[in-house]
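Numbering (my numbering), first residue to last: 1 to 362. By construction, the Cβ of each residue, glycine as well, lies at the ideal position given by its N, Cα and C atoms. The structure under discussion appears below in the form of structure tokens.
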């Protein structure tokens, strides 16, 4: 397969494989985002997969992106409304070929702004889950009053058992270390109350395993909904149904707050004067809460780094997703999960055989 558009003469191994055709903005946003990423990661090697003529023309307009990119032609692209089962049958799509590069060891991670369902299905089939992980999860970073929080699962698994929640805690801890740079991130299980007797059996079993594991010192216990934005813990673990509802509720509340502020500051002359007085603070808050800063949800638990950019993001947002993938590759995210699993498997095996048995903390 021919490869063009790069200043590198050799092929692989690449840092990241990029689906050049995914997202609402398509290749234009992807390549513009890579131009920004090139300034932040000048030593990165990017395998850019997609329509060769389109990508070549865009790289000519973005010479910074061209310095780190090699094009790999793809004959088709996965549409945003294609069903996952149909996407699995398209073996020459840009998303599939980018996943293939990770599975074959050509690249260490993949980033796409394309169809979420298709991306998860392809990741499971092509990249595959790590040994010891029953289900991959979707993780992302959100702002809090104390900094940032990692939350998972955000929709990949609607129903989960206690073992899944323990695995999510392992993966969330490794993610917070890699992306947030925290040496010992704290972990909370999302529940209807903070008391030990609250919640269902699966939550209590997961909490019991975590209290008697190598993560015991970092395990805070149960947290409630308000603890997410309060930043009570660095990692919040929950099932995909609850996590997705919490995420969308938070996004909706944020939009409502900005809408109400706009109404207050435009409804009268005094409101407009007040806006001029508080404008610097509002601009700082807007920058802090800018969703582009937090773009880049991650499918964790796979044999490689797989990052999902929001389909409707712009170039700055796509560059942020590339930043997340680069952080995970640099900090050996996948290896960190493997190391944790080596110890945690023995704990989950004991708990599965006898849920009432307690394992001594390591």
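Assigned exposure category for residue i - 16 Cβ within 10 Å defines buried
| i | result |
| --- | --- |
| residue 105 | exposed |
| residue 167 | buried |
| residue 272 | exposed |
| residue 102 | buried |
| residue 126 | buried |
| residue 124 | buried |
| residue 134 | exposed |
| residue 256 | exposed |
C-alpha gap between residue i and residue j, whole angstroms
| i | j | result |
| --- | --- | --- |
| residue 16 | residue 322 | 9 Å |
| residue 238 | residue 152 | 6 Å |
| residue 265 | residue 142 | 27 Å |
| residue 207 | residue 190 | 11 Å |
| residue 196 | residue 114 | 41 Å |
| residue 381 | residue 221 | Outside the displayed span of the chain (1 to 362) sits residue 381, for which this structure offers no information. |
| residue 80 | residue 23 | 7 Å |
| residue 139 | residue 248 | 14 Å |
| residue 303 | residue 129 | 6 Å |
| residue 19 | residue 171 | 24 Å |
Residue i, enclosing beta strand (DSSP E) - first and last residue
| i | result |
| --- | --- |
| residue 18 | 14-19 |
| residue 152 | 147-152 |
| residue 143 | 137-144 |
| residue 240 | Not the beta strand (DSSP E): residue 240 falls in the alpha helix (DSSP H), residues 240-266. |
| residue 374 | As displayed, the chain neither begins before 1 nor continues past 362, which places residue 374 out of reach and without an answer. |
| residue 184 | Here residue 184 belongs to no beta strand (DSSP E), and DSSP marks it neither H nor E. |
| residue 223 | 219-223 |
Enclosing alpha helix (DSSP H) for residue i [first to last residue]
| i | result |
| --- | --- |
| residue 116 | 116-122 |
| residue 56 | 52-61 |
| residue 84 | 84-89 |
| residue 27 | 26-40 |
| residue 94 | 94-103 |
Proximity test, residue i beta-carbon vs the ligand COA heavy atom, cut-off 7 Å
| i | result |
| --- | --- |
| residue 71 | Summarising the ligand content, the structure contains no ligands, and the ligand COA is consequently not present. |
Proximity to residue i [Cα-Cα], best of the options
| i | options | result |
| --- | --- | --- |
| residue 110 | 331, 298, 261 and 284 | 298 |
| residue 332 | 178, 171, 122 and 132 | 178 |
| residue 219 | 235, 303 and 225 | 235 |
| residue 51 | 146, 64, 66 and 72 | 72 |
| residue 232 | 146, 296, 216 and 286 | 146 |
Cβ of residue i within 8 Å of any chain B Cβ
| i | result |
| --- | --- |
| residue 155 | In the structure shown, chain B does not exist; there is a single protein chain. |
Exercise. Quick check: the segment 238-253 against the segment 146-166, are there 3 or more CB pairs under 8 Å?
Worked result: yes
Okay, do the segment 27-35 and the segment 49-61 touch, 3+ Cβ pairs below 8 Å being the bar? yes
Any contact between the segment 87-105 and the segment 68-78? By contact I mean 3 or more CB pairs, one from each, below 8 Å. yes
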